[in-house]
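S.K.: Protein chains in written order, with numbering that gives the first Met the number 0: chain A, 0 to 292; chain B, 0 to 292; chain C, 0 to 292; chain D, 0 to 292. We put the beta carbon where it would ideally sit given N, CA and C, even for glycine. Below is one structure. I have some questions about it.
Number of protein chains: 4
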Amino acid sequence: MESDNLPLNKKNSAILLIHCPDKKGLVAAISRFLSRNNGNILEIDQHVDKYKKVFFMRVEWDLDGFLIPDSDIGREFTEQIAKPFDMNRQLYFSREKPRMAVFVSRYGHCLHDILARYDSDEWHVEIPLIISNHPDMKEVAGRYGIDYYQFQVTGKNKKEVEAEQIKLLETYQIDVTVLARYMQILSDDFVSRYPGRIINIHHSFLPAFPGARPYHSAFERGVKVIGATSHYVTADLDEGPIIEQDVIHVNHRHDVEDLVRKGRDLEKVVLARAIWHHLQRHTLVYENRTIVF
Amino acid sequence: MESDNLPLNKKNSAILLIHCPDKKGLVAAISRFLSRNNGNILEIDQHVDKYKKVFFMRVEWDLDGFLIPDSDIGREFTEQIAKPFDMNRQLYFSREKPRMAVFVSRYGHCLHDILARYDSDEWHVEIPLIISNHPDMKEVAGRYGIDYYQFQVTGKNKKEVEAEQIKLLETYQIDVTVLARYMQILSDDFVSRYPGRIINIHHSFLPAFPGARPYHSAFERGVKVIGATSHYVTADLDEGPIIEQDVIHVNHRHDVEDLVRKGRDLEKVVLARAIWHHLQRHTLVYENRTIVF
Amino acid sequence: MESDNLPLNKKNSAILLIHCPDKKGLVAAISRFLSRNNGNILEIDQHVDKYKKVFFMRVEWDLDGFLIPDSDIGREFTEQIAKPFDMNRQLYFSREKPRMAVFVSRYGHCLHDILARYDSDEWHVEIPLIISNHPDMKEVAGRYGIDYYQFQVTGKNKKEVEAEQIKLLETYQIDVTVLARYMQILSDDFVSRYPGRIINIHHSFLPAFPGARPYHSAFERGVKVIGATSHYVTADLDEGPIIEQDVIHVNHRHDVEDLVRKGRDLEKVVLARAIWHHLQRHTLVYENRTIVF
Amino acid sequence: MESDNLPLNKKNSAILLIHCPDKKGLVAAISRFLSRNNGNILEIDQHVDKYKKVFFMRVEWDLDGFLIPDSDIGREFTEQIAKPFDMNRQLYFSREKPRMAVFVSRYGHCLHDILARYDSDEWHVEIPLIISNHPDMKEVAGRYGIDYYQFQVTGKNKKEVEAEQIKLLETYQIDVTVLARYMQILSDDFVSRYPGRIINIHHSFLPAFPGARPYHSAFERGVKVIGATSHYVTADLDEGPIIEQDVIHVNHRHDVEDLVRKGRDLEKVVLARAIWHHLQRHTLVYENRTIVF
Numbered sequence: 000m001e002s003d004n005l006p007l008n009k010k011n012s013a014i015l016l017i018h019c020p021d022k023k024g025l026v027a028a029i030s031r032f033l034s035r036n037n038g039n040i041l042e043i044d045q046h047v048d049k050y051k052k053v054f055f056m057r058v059e060w061d062l063d064g065f066l067i068p069d070s071d072i073g074r075e076f077t078e079q080i081a082k083p084f085d086m087n088r089q090l091y092f093s094r095e096k097p098r099m100a101v102f103v104s105r106y107g108h109c110l111h112d113i114l115a116r117y118d119s120d121e122w123h124v125e126i127p128l129i130i131s132n133h134p135d136m137k138e139v140a141g142r143y144g145i146d147y148y149q150f151q152v153t154g155k156n157k158k159e160v161e162a163e164q165i166k167l168l169e170t171y172q173i174d175v176t177v178l179a180r181y182m183q184i185l186s187d188d189f190v191s192r193y194p195g196r197i198i199n200i201h202h203s204f205l206p207a208f209p210g211a212r213p214y215h216s217a218f219e220r221g222v223k224v225i226g227a228t229s230h231y232v233t234a235d236l237d238e239g240p241i242i243e244q245d246v247i248h249v250n251h252r253h254d255v256e257d258l259v260r261k262g263r264d265l266e267k268v269v270l271a272r273a274i275w276h277h278l279q280r281h282t283l284v285y286e287n288r289t290i291v292f
Numbered sequence: 000m001e002s003d004n005l006p007l008n009k010k011n012s013a014i015l016l017i018h019c020p021d022k023k024g025l026v027a028a029i030s031r032f033l034s035r036n037n038g039n040i041l042e043i044d045q046h047v048d049k050y051k052k053v054f055f056m057r058v059e060w061d062l063d064g065f066l067i068p069d070s071d072i073g074r075e076f077t078e079q080i081a082k083p084f085d086m087n088r089q090l091y092f093s094r095e096k097p098r099m100a101v102f103v104s105r106y107g108h109c110l111h112d113i114l115a116r117y118d119s120d121e122w123h124v125e126i127p128l129i130i131s132n133h134p135d136m137k138e139v140a141g142r143y144g145i146d147y148y149q150f151q152v153t154g155k156n157k158k159e160v161e162a163e164q165i166k167l168l169e170t171y172q173i174d175v176t177v178l179a180r181y182m183q184i185l186s187d188d189f190v191s192r193y194p195g196r197i198i199n200i201h202h203s204f205l206p207a208f209p210g211a212r213p214y215h216s217a218f219e220r221g222v223k224v225i226g227a228t229s230h231y232v233t234a235d236l237d238e239g240p241i242i243e244q245d246v247i248h249v250n251h252r253h254d255v256e257d258l259v260r261k262g263r264d265l266e267k268v269v270l271a272r273a274i275w276h277h278l279q280r281h282t283l284v285y286e287n288r289t290i291v292f
Numbered sequence: 000m001e002s003d004n005l006p007l008n009k010k011n012s013a014i015l016l017i018h019c020p021d022k023k024g025l026v027a028a029i030s031r032f033l034s035r036n037n038g039n040i041l042e043i044d045q046h047v048d049k050y051k052k053v054f055f056m057r058v059e060w061d062l063d064g065f066l067i068p069d070s071d072i073g074r075e076f077t078e079q080i081a082k083p084f085d086m087n088r089q090l091y092f093s094r095e096k097p098r099m100a101v102f103v104s105r106y107g108h109c110l111h112d113i114l115a116r117y118d119s120d121e122w123h124v125e126i127p128l129i130i131s132n133h134p135d136m137k138e139v140a141g142r143y144g145i146d147y148y149q150f151q152v153t154g155k156n157k158k159e160v161e162a163e164q165i166k167l168l169e170t171y172q173i174d175v176t177v178l179a180r181y182m183q184i185l186s187d188d189f190v191s192r193y194p195g196r197i198i199n200i201h202h203s204f205l206p207a208f209p210g211a212r213p214y215h216s217a218f219e220r221g222v223k224v225i226g227a228t229s230h231y232v233t234a235d236l237d238e239g240p241i242i243e244q245d246v247i248h249v250n251h252r253h254d255v256e257d258l259v260r261k262g263r264d265l266e267k268v269v270l271a272r273a274i275w276h277h278l279q280r281h282t283l284v285y286e287n288r289t290i291v292f
Numbered sequence: 000m001e002s003d004n005l006p007l008n009k010k011n012s013a014i015l016l017i018h019c020p021d022k023k024g025l026v027a028a029i030s031r032f033l034s035r036n037n038g039n040i041l042e043i044d045q046h047v048d049k050y051k052k053v054f055f056m057r058v059e060w061d062l063d064g065f066l067i068p069d070s071d072i073g074r075e076f077t078e079q080i081a082k083p084f085d086m087n088r089q090l091y092f093s094r095e096k097p098r099m100a101v102f103v104s105r106y107g108h109c110l111h112d113i114l115a116r117y118d119s120d121e122w123h124v125e126i127p128l129i130i131s132n133h134p135d136m137k138e139v140a141g142r143y144g145i146d147y148y149q150f151q152v153t154g155k156n157k158k159e160v161e162a163e164q165i166k167l168l169e170t171y172q173i174d175v176t177v178l179a180r181y182m183q184i185l186s187d188d189f190v191s192r193y194p195g196r197i198i199n200i201h202h203s204f205l206p207a208f209p210g211a212r213p214y215h216s217a218f219e220r221g222v223k224v225i226g227a228t229s230h231y232v233t234a235d236l237d238e239g240p241i242i243e244q245d246v247i248h249v250n251h252r253h254d255v256e257d258l259v260r261k262g263r264d265l266e267k268v269v270l271a272r273a274i275w276h277h278l279q280r281h282t283l284v285y286e287n288r289t290i291v292f
């Protein structure tokens, strides 16, 4: 066993994310399935929601020497374990490199931060596509050789624009979409196609200050901390399952411009942490909560 | 000059808290008034609300060698400076020991923390009075020799109870009242008697989760931070000017009981910091914001 | 399964803390031992030190319905699991209430904080004994009805004093000793009797500013954060395995008295968190590191 | 008056940074000098080191309508105020755009972060020059159109290399140099040319873990927080006056690679905050401490 903290590409491992009704013997059954097939567990983490009696687990094991061929693991696990325990399971292989699209509007700080991490191979990810409703970030995209599509969104053409965007996500075989301060609201239709696969950054500590202009609202209320929240996008705006939050202290000297400036650093790092957890397959959404193993 | 960070009783100083319409020459006029009268400024701090064009200042100076007798300072300052500049001013002397009442219900952690600080002379304060709607903390009050009054509050007798409480605050010559997890809502009548003189601790990062059971709501929403807020009490519940806020990180493993337990430590320290600032005369309320110098 | 975050007394559970050379099949073997005997795992947490190839685990299970009688669990586990895997194991039962002694000198803030938590049943612990080299805290001990022994420690009588203190720890059947700002250095002899059973709070973020007067050193160095560190005491002063650390921001305005005052709040909460983890059996010391599950 | 929090280029102001022996009447004298000349104070901040009896001040005022021409302000202030009070003073104008050089080695995260802020005009600064002992960041510099000079530093040629670097700093008229994870130690000769004008980021919370490989040392010591420190560079390695520090929590699960990864985000933001304060003329070095107004 060793830590799962390396970017996944540096390992040859498989990851199971599981949830099911809680029951005795779950850990034993799963760990036995792996050990019987000569799987060395790299990381195992479990949680039980005691109110809802639901069991959650993330287990990662070394594929070297594992007796079941990769192509059969899913089927074997489903038959031997998932079905008997009425389990919902996702299976990932560390060698698979997720493909990520970034949606951005005019503020580039989150995009810059994402691309710098991409450039330095901090994450195990491919970023082939940037989509925007503005031209501002086109040059930045160009510097990194990433395709950039700009859509003028109006009240009328939203449906058509989203149809084209969905086609792009398909063409580019996108696994996960990041809204890096994308100031357009996506339709329910769009969102519901990608459950647990669209990550947003909102510039407040939700549920405080949802909606537009949260820094202005924070200033008005005279708060002594401001925050940022990264969450999976659902049909309910700013109500999706939270992945990561953080705050910083402010005081009466900070005007709205200061909050905006200081908040940018928070947004960048909160979004980056959320993306990291998603890419490392640490996250498991259940109803409106995110388990982050 | 030296730092104002000592408890005020360790200095022989005067403090002016000021606000007025912003104008050129304010700092010069005030600092000249002091220097002309041989006042050594210990601490001077100013702020301008650029949106509302209001000037705020806290200035503290050494009374040793100051040429104006203490009893005349207020009048002299008002005539020479406050009136010409249309100023609102409060004057305090460090030798005055504020008298504080604590209202508490059944949770004793904030009260315990306050009394331990009181016992060790951390604050420049007198605590002669504890008021509760429960008997639970009577023994604790007794340990510190503080008078304890218990009132059974019902829907019907609220007015009479508050009348008696107000009489107690008068009898004990209370300057500031702290609601240390007091679970009764005070009437507008009560609150409006003591503007900027009642400090509450609310167990969430307001404006998120106002009202009852914020830890339950925080758990339901799946937040990744929980917080506490200390604010001056106004007629609008949980809407008063914020003095201090802080948060701690939580995760999916923490159930409601954990949030309650972890939150207690936050409540204690956030309330204590707010009380410290109030007692040190660092705070100045303007509309719904607290300047904390 | 449910969370282990409740104070242990609210559960009827057993806890195993384990470390051994890392090997395939460890999780399977342990979880199978429990499930075969009808044990419902409440919490399971593991870690592998990849550099040293050591496996660590904390597992807690419900004793209700467990097929092995309590008195045989240790022996059965040792024979079936611990021996074959060359394991070091500690077994605890949640119903056992640890007995804690507190050593204190003249600063009472940590003691006050501990006693307030004791008074409100926050922890599953008995505190029958306070030992000091000063009389200052005697009255506080009296308020809580705890026996207080004062020893005048000089260069000459240290050995005799420690002998008496050891006798007291035996008489009062103390399981864990907390040095709550105890300003005497314990001898190697004393310390080596209680490995992993003496918890200290040091008022700096170790390894910065070991030894005496860390706040003065922090001020001299002009640091922008100050910290506190709780660690198990070993023969090497301020070098023991760290359980918990935290910091707060300071700036040029804060003089030494401010650092001392602000530091106190940090010391209290860092020590309290360390004690909580120890009492909940979350901690496992290996060489000079503390695993805090 | 209004907040000084805007990047300086958005204002037409002058800034004085002052220190001198503490004395009565300093604030009055300085504020009167400004008000007599029709100067509107935008921000005034003072501090007294009570141990050393030294007075520090930063005052910023609006140049619109100020009666003394810019070119005479320095001379007038020196004659009327600085000389009589034995003052050390620095005068800056907000319209002056500081010119910054960045030294970098192979780790690009701090450089990327600096350039993204530069690109988005977050700071009032010109960055015409990047110097490195490696070729790795050449492409990044090229993307932003910044000149990049690479020097192979060996034991022997250090003196010659530094001579060339100094010539570059002169040619490019550099005001401030940032060591953005530059892994070469600069000679005393080099450093002493630029007092208070070279900013470094060290990847630990100094004074803990100075020198090389602090994350490895932090891991070895088993700390529960890791940190980063930005400081002005002096001849004593890692001993210069600290501008900014921050930490994040870590636990036993984090191996050295994790500390490195998590530390990067800390280094970026701590360095960026230090640069911001320097560029806003918030910093004043006195002996081994940095006043950050």
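1. Distance, Cα to Cα, Ser-2 of chain C vs Ala-211 of chain A?
2. Taking only the alpha-carbon atoms, compute the straight-line gap between Asn-245 of chain D and Val-160 of chain A and give it to the nearest angstrom.
3. Within its chain, find whatever has a CB closer than 8 Å to the CB of Gln-172 of chain D; leave out the 5 residues flanking it on each side and keep chain order.
4. Using 8 Å as the threshold, is the C-beta distance between Ile-242 of chain C and Val-291 of chain C below it?
5. So with CB distances below 9 Å, who are the chain D contacts of Gly-107 of chain C?
6. Is the shortest distance between the beta-carbon of His-281 of chain B and the beta-carbons of chain D less than 8 Å?
7. Pop quiz: Ile-40 of chain A and Val-26 of chain C are said to be a contact at Cβ under 8 Å. What is the actual Cβ separation, rounded to whole angstroms?
8. Three or more C-beta pairs closer than 8 Å, one from the segment 33-47 of chain B and one from the segment 83-100 of chain B: is that the case here?
9. Closer than 8 Å by C-beta to Ile-113 of chain B: which residues in its own chain qualify, once you throw out the five before and the five after it? Chain order, please.
10. What separation, rounded to the nearest whole angstrom, lies between the Cα atoms of Ser-12 of chain C and Arg-31 of chain C?
11. Give the range of the alpha helix (DSSP H) segment to which Tyr-117 of chain D is assigned.
12. Based on DSSP bridge pairs, tell me the residues matched to Pro-20 of chain C.
13. Please list the residues of the segment 124-144 of chain D that have a C-beta atom closer than 8 Å to any C-beta atom in chain A, keeping them in chain order.
14. If distances are taken between C-alpha atoms only, which option among B:Glu-138, B:Thr-153, B:Glu-266, B:Trp-122 comes closest to Lys-96 of chain B?
15. When you compare the CB positions of Thr-233 of chain B and Val-190 of chain B, do they come within less than 8 Å of one another, or not?
16. What span of residues does the alpha helix (DSSP H) with Arg-74 of chain C cover, start to end?
17. At the level of alpha carbons, what is the spacing between Cys-19 of chain A and Ala-28 of chain A?
18. Short of 7 Å in beta carbon distance, which residues of its chain neighbour Tyr-231 of chain B, apart from the five on each side in sequence? Order them along the chain.
19. Going by the CB atoms, is the gap between Arg-280 of chain D and Pro-206 of chain C shorter than 8 Å?
20. Can you check whether the CB of Ala-115 of chain D is closer than 8 Å to the CB of His-133 of chain A?
21. Quick check on Gly-38 of chain B: buried or exposed, where buried means 16 or more other Cβ atoms within 10 Å of its Cβ?
22. Taking 7 Å as the cut-off, is the CB of Asp-85 of chain D close to at least one heavy atom of the ligand MN?
23. Please classify Thr-228 of chain C: is it buried, with 16 or more other beta-carbons within 10 angstroms of its beta-carbon, or exposed?
24. Between B:Val-152, B:Gly-262, B:Val-139, which has its C-alpha nearest Ala-217 of chain B's C-alpha?
M.R.: Here's the rundown:
1. Walking along the third sequence from the start, residue 2 of chain C turns up at place 3. Walking along the first sequence from the start, residue 211 of chain A turns up at place 212. Any answer about Ser-2 of chain C is weak, because its pLDDT of 37 lies below 50 and its placement is not dependable; what the coordinates show is given next. Each residue's Cα considered, the two are about 37 Å apart.
2. In the fourth sequence, residue 245 of chain D corresponds to position 246, counting from 1. In the first sequence, residue 160 of chain A corresponds to position 161, counting from 1. Strictly speaking, residue 245 of chain D in this sequence is Asp, with Asn absent from that position. Distance between the alpha carbons of Asp-245 of chain D and Val-160 of chain A: 44 Å.
3. For this step, residue 172 of chain D is matched to residue 173 along the fourth sequence. Correct list, in chain order: Arg-98.
4. Taking the first residue of the third sequence as 1, we reach residue 242 of chain C at position 243. Taking the first residue of the third sequence as 1, we reach residue 291 of chain C at position 292. Taking 8 Å as the Cβ cut-off, Ile-242 of chain C and Val-291 of chain C qualify as a contacting pair.
5. Taking the first residue of the third sequence as position 1, residue 107 of chain C is located at position 108. Residues of chain D passing the Cβ test: none, with the nearest at roughly 26 Å.
6. Residue 281 of chain B sits at position 282 when you count from the first residue of the second sequence. So no, His-281 of chain B is outside the interface.
7. What you label residue 40 of chain A is simply residue 41 of the first sequence in a count that begins at 1. What you label residue 26 of chain C is simply residue 27 of the third sequence in a count that begins at 1. With 8 Å as the limit, Ile-40 of chain A and Val-26 of chain C qualify as a contact, their Cβ atoms being about 6 Å apart.
8. Segment contact: the segment 33-47 of chain B against the segment 83-100 of chain B, fewer than three CB-CB distances shorter than 8 Å; contact not assigned.
9. Walking along the second sequence from the start, residue 113 of chain B turns up at place 114. Excluding sequence neighbours, Ile-113 of chain B sits near Val-101, Ile-126, Val-177, Ala-179, Leu-270, Ala-271, Ile-274.
10. The residue labelled residue 12 of chain C in the question sits at position 13 within the third sequence. The residue labelled residue 31 of chain C in the question sits at position 32 within the third sequence. Roughly 17 Å between the two C-alpha positions.
11. To locate residue 117 of chain D, count along the fourth sequence from 1; it is residue 118. Segment 108-118, the alpha helix (DSSP H) holding Tyr-117 of chain D.
12. Stepping through the third sequence from its first residue, residue 20 of chain C is reached at position 21. Pro-20 of chain C is bridged by DSSP to C:Val-53.
13. Flagged, chain order: Val-139, Arg-142.
14. Working through the second sequence from its first residue, we reach residue 96 of chain B at position 97. Lys-96 of chain B has its Cα closest to that of B:Trp-122, out of B:Glu-138, B:Thr-153, B:Glu-266, B:Trp-122.
15. Mapped onto the second sequence, residue 233 of chain B falls at position 234. Mapped onto the second sequence, residue 190 of chain B falls at position 191. Cβ distance < 8 Å, so Thr-233 of chain B and Val-190 of chain B count as in contact.
16. Walking along the third sequence from the start, residue 74 of chain C turns up at place 75. Per DSSP, Arg-74 of chain C belongs to the alpha helix (DSSP H) from 69-76.
17. Translated into positions along the first sequence, residue 19 of chain A becomes position 20. Translated into positions along the first sequence, residue 28 of chain A becomes position 29. Distance between Cys-19 of chain A and Ala-28 of chain A, taken at the CA atoms: about 13 Å.
18. On the second sequence, residue 231 of chain B is found 232 positions in, with the first residue counted as 1. Excluding residues within five positions, the ones whose Cβ falls inside 7 Å are Gly-195, Ile-197, Ile-198, Gly-239, Pro-240, Ile-242, Val-284, Thr-289.
19. Reading the third sequence from its first residue, position 207 is the one you call residue 206 of chain C. Reading the fourth sequence from its first residue, position 281 is the one you call residue 280 of chain D. Taking 8 Å as the Cβ cut-off, Pro-206 of chain C and Arg-280 of chain D do not qualify as a contacting pair.
20. One-based indexing of the first sequence puts residue 133 of chain A at position 134. One-based indexing of the fourth sequence puts residue 115 of chain D at position 116. No. Outside cutoff.
21. Working through the second sequence from its first residue, we reach residue 38 of chain B at position 39. Buried.
22. You won't find the ligand MN in this model; it holds no ligand whatsoever.
23. Numbered from its first residue, the third sequence carries residue 228 of chain C at position 229. So Thr-228 of chain C counts as buried.
24. Residue numbering aside, residue 217 of chain B sits at position 218 when the second sequence is read from its first letter. The shortest C-alpha separation from Ala-217 of chain B is found at B:Gly-262.
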